[in-house]
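So that you can map any letter, position 121 of the sequence shown is 168 in the working numbering, and since no number is skipped, the others follow by simple counting. Just so you know, even glycine gets a beta-carbon here, dropped at the ideal spot from N, CA and C. See below for the structure under consideration.
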Amino acid sequence: MGKRKHTILVVDDEDDICLFLKDYLEAHGYAVFTANDGEAMRGVMKDEEVDLVILDLVMPGEDGPTLTRSLRENSNVAIIILTGKDEEVDRIVGLEMGADDYVAKPFSSRELLARVKTVLRRTGEAAAPAVAEASSATRFAGWRLDKVGRTLTSPDEDDVALTTMEFNLLNAFTDNPNKVLDRDKLLDMVQHRNWEPYDRSVDVLVGRLRNKIETNPQKPELIKTVRGAGYVFATNVDHE
Numbered sequence: 048m049g050k051r052k053h054t055i056l057v058v059d060d061e062d063d064i065c066l067f068l069k070d071y072l073e074a075h076g077y078a079v080f081t082a083n084d085g086e087a088m089r090g091v092m093k094d095e096e097v098d099l100v101i102l103d104l105v106m107p108g109e110d111g112p113t114l115t116r117s118l119r120e121n122s123n124v125a126i127i128i129l130t131g132k133d134e135e136v137d138r139i140v141g142l143e144m145g146a147d148d149y150v151a152k153p154f155s156s157r158e159l160l161a162r163v164k165t166v167l168r169r170t171g172e173a174a175a176p177a178v179a180e181a182s183s184a185t186r187f188a189g190w191r192l193d194k195v196g197r198t199l200t201s202p203d204e205d206d207v208a209l210t211t212m213e214f215n216l217l218n219a220f221t222d223n224p225n226k227v228l229d230r231d232k233l234l235d236m237v238q239h240r241n242w243e244p245y246d247r248s249v250d251v252l253v254g255r256l257r258n259k260i261e262t263n264p265q266k267p268e269l270i271k272t273v274r275g276a277g278y279v280f281a282t283n284v285d286h287e
């Protein structure tokens, strides 16, 4: 039996974009469905095994951030958001809602394809049976990160859900405790792409992770900002 094609759902109210992306991505070996609104999106999500949603943030009716939050609350599907070149606020909101990456319009089809491949590769690594690592788990400040099961357990023994990108970021921090990591390094480790000036995706991802592991996210004790340099995971880490 052949390997199942990755399935992508394109959600955009513009038929031209849906048709272009469907034709382009199918030509590169993906199975592609399209939807023009939230209702159609939920129908496809219910009926199909979707690996990745490419979602336009600016749509009439239910907007992109609302749909992103709905997807993240009800599934672990990977999400790439499409934003306008000057829509930084919407982009940040979309990332805060749980999107894995973004592409600004007008976009290069090659750039989008590269982002699709990267996100699917990272989520595929999360879903695949893990090969035993030198360190299969780490402990920090009462928390336990299981690198094989890709699970996070709180000091109170509660399981804390992490998106693929949140797991990748925490994994990067626990592998490099008490070291300053700049945004370019973090973005390369988490998403395999270079940081650009005014790119807030790392900061948004750090904020999401702080909300899950910090006692007071407004006064973080674990993930500290080093002004002008990046971030440092300011705690000791024990490897199992």
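- With a cut-off of 8 angstroms on Cβ pairs, the region 51-68 is in contact with the region 91-104, counting three or more such pairs.
- Of the residues V279, P267, Y149, the one whose Cα lies closest to the Cα of K232 is V279.
- Excluding five sequence positions before and after V273, the CB atoms of its chain that fall closer than 7 angstroms to its own CB belong to V227, V279, given in chain order.
- Shown here, K164 sits in a helix according to DSSP, grouped into three states.
- With contact defined as three or more Cβ pairs closer than 8 angstroms, the region 137-155 and the region 187-202 are not in contact.
- When secondary structure is reduced to three states using DSSP, Y77 falls in the coil class, being assigned neither helix nor strand.
- In this model, G111 and D148 are separated by some 13 angstroms (Cα to Cα).
- Here DSSP, grouped into helix, strand and coil, assigns K52 to coil.
- Boundaries of the beta strand (DSSP E) around L129: 125-131.
- Close CB contacts of L142 within its chain, under the 6 angstroms cut and outside five residues either way in sequence, are with S248, V251 (chain order).
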